[in-house]
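A quick write-up on the structure given underneath.
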Amino acid sequence: MSWPLVKLLAVAPVAPLNPLESCLPEQDDCWLLNLDQVEANSGRVFSRLRVALDEMSSSTHAFGPQHVLYSKLRPNLNKVVVPDEYGYCTSELVPLLPDKERLDRDYLAFYLRSPDFVNWAVGKTAGAKMPRLSMQLFGERTIPLPSLPIQRHIAQMLEQADLLRRQAQQLEAELDRLAQALFLEMFGDYRQQTAENFVPLAEVADVVSGVAKGSKLSGAVRTLPYLRVANVQDGFLDLSEIKEIEATERDIKKYRLKAGDILMTEGGDFDKLGRGAMWSGEIAECIHQNHIFRVRLSDGYEPRFFECYLRTPMVKTYFLGCAKKTTNLASINMSQLKALPTPKEPLGRQKQFVAALHKIEAQRQITRSQQAELEQAFQSLMQRAFKGELAPKLA
Numbered sequence: 020m021s022w023p024l025v026k027l028l029a030v031a032p033v034a035p036l037n038p039l040e041s042c043l044p045e046q047d048d049c050w051l052l053n054l055d056q057v058e059a060n061s062g063r064v065f066s067r068l069r070v071a072l073d074e075m076s077s078s079t080h081a082f083g084p085q086h087v088l089y090s091k092l093r094p095n096l097n098k099v100v101v102p103d104e105y106g107y108c109t110s111e112l113v114p115l116l117p118d119k120e121r122l123d124r125d126y127l128a129f130y131l132r133s134p135d136f137v138n139w140a141v142g143k144t145a146g147a148k149m150p151r152l153s154m155q156l157f158g159e160r161t162i163p164l165p166s167l168p169i170q171r172h173i174a175q176m177l178e179q180a181d182l183l184r185r186q187a188q189q190l191e192a193e194l195d196r197l198a199q200a201l202f203l204e205m206f207g208d209y210r211q212q213t214a215e216n217f218v219p220l221a222e223v224a225d226v227v228s229g230v231a232k233g234s235k236l237s238g239a240v241r242t243l244p245y246l247r248v249a250n251v252q253d254g255f256l257d258l259s260e261i262k263e264i265e266a267t268e269r270d271i272k273k274y275r276l277k278a279g280d281i282l283m284t285e286g287g288d289f290d291k292l293g294r295g296a297m298w299s300g301e302i303a304e305c306i307h308q309n310h311i312f313r314v315r316l317s318d319g320y321e322p323r324f325f326e327c328y329l330r331t332p333m334v335k336t337y338f339l340g341c342a343k344k345t346t347n348l349a350s351i352n353m354s355q356l357k358a359l360p361t362p363k364e365p366l367g368r369q370k371q372f373v374a375a376l377h378k379i380e381a382q383r384q385i386t387r388s389q390q391a392e393l394e395q396a397f398q399s400l401m402q403r404a405f406k407g408e409l410a411p412k413l414a
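So the sequence shown is numbered by this note's numbering: it starts at 20 and just counts up by one.
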């Protein structure tokens, strides 16, 4: 189906509010939105920070419930927010003002989150340390513009599909909370325990970085699968896309993964800092890149126990406290990881925990499989939506 293609900024110009003109309701404090409070792909806001108006930075943008907030910063190009109240946001979020006579706000938000648009935006970013999408390039990009009734129909269909996806995510989150509650019940809150109950990680594990992509190789090389930061999630591995790399036999021997290895990310977004997951030998021969640490525990530790320990508030606080931080990014180094306080728990107690955890893990695997199917269906639906395949009867 052929719909008119219109340049984005022609129907959704950058138009932040001007607080000096009293665009914001009179109040003592206001919502301040930062990128780390926004969930990728869905635009869901995790938490709302209230800040006194006289403390608001001049580098923020004011917005209202008529805007769509678009992140121009990679890797946050799929963070698009449809706000429901007035507030201020980081300058990395751009307040777009859809022309209400021509463009539905929810339709625009779904379009900006669509795989085709996100992939295009990623390819257009520029900058060494913090790549961004130029708003000039953004403005030249076109959006399919059917009638408003069709736009609303598409947005409603995508919202319903997104709801199913979110429900599956919520079920997985509940299972995660159950696992964390089990861990807390069996081992207590490590933040309340004394130093003699811990040892540095380096005393009970071998910790190494990985192979550097693009480095000069000397001697014979061969190609094999390797894991990237995107593959290591918080408590599980996403192996839906595995890339390959050339490596020498020496590096392959050094970095080859073994079942029971814990893989940890050095950083990125704050939510990526120090997250870890266990390798179970899913691929016969696989190595990992240098932005991932490999932790190989001694015989006195159950890998699943340590994986769950990494998700505790104590570990999160430790990494945030020692990490090198910029505006939206944080990272840890090898020395900081090796110094991580690691609890001295009897191996038998660890094994009891892992046995109880297996039942939760079995249900979680089913949930993740369902979630992957829903995610694939949702992405396919978004691609079809903007090709005109979801509204033939309204055309």
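Note that beta-carbon positions come from the ideal geometry of N, C-alpha and C, so glycine has one too.
Counting only runs of 4 or more residues that sit fully inside the region 102-135, the alpha helix (DSSP H) segments are 124-132, in chain order.
Counting the other Cβ atoms within 10 Å of the Cβ of ALA200 gives fewer than 16, which makes it exposed. Fully enclosed beta strand (DSSP E) runs of no fewer than 3 residues occupy 240-246 of the region 229-261, in order along the chain.
By the criterion of a C-beta distance shorter than 8 Å, SER237 is surrounded in its chain by THR267, once the five residues flanking it on both sides are discounted. Closest in alpha carbon position to GLN308, among THR284, THR386, VAL223, LEU393, is THR284. For THR386, the enclosing alpha helix (DSSP H) covers residues 366-404. In this structure GLU120 is not in contact with ARG387, their Cβ atoms being roughly 43 Å apart against a cut-off of 8 Å. Straight through space, the alpha carbons of GLU193 and ILE261 are spaced by roughly 28 Å. Here LYS98 carries a coil assignment [DSSP, helix/strand/coil].
Between VAL57 and LYS26, the gap from beta carbon to beta carbon reaches 8 Å or more. DSSP places ILE169 outside any beta strand (DSSP E); the residue lies instead in the alpha helix (DSSP H), whose first and last residues are 167-206.
Between LEU54 and LEU92, the gap from beta carbon to beta carbon is short of 8 Å.
Contact between HIS80 and PRO102 is absent: CB atoms are separated by about 11 Å, not below the 8 Å threshold. A direct Cα-to-Cα measurement between ALA375 and ALA214 gives close to 28 Å.
With contacts defined as CB atoms closer than 8 Å, CYS327 and PHE202 qualify as a contacting pair. The C-beta of ILE351 has 16 or more other C-beta atoms within 10 Å across all chains shown, which makes the residue buried.
Your pair ARG69 and ASP48 checks out as a contact, with CB atoms roughly 5 Å apart and the cut at 8 Å. Taking each of GLU380, THR242, LEU28, GLY287 in turn and checking the Cα distance to MET154, the smallest one comes out for LEU28. The alpha carbon of LEU112 has as its nearest neighbour, out of TRP139, VAL141, ASP118, LEU51, the alpha carbon of LEU51.
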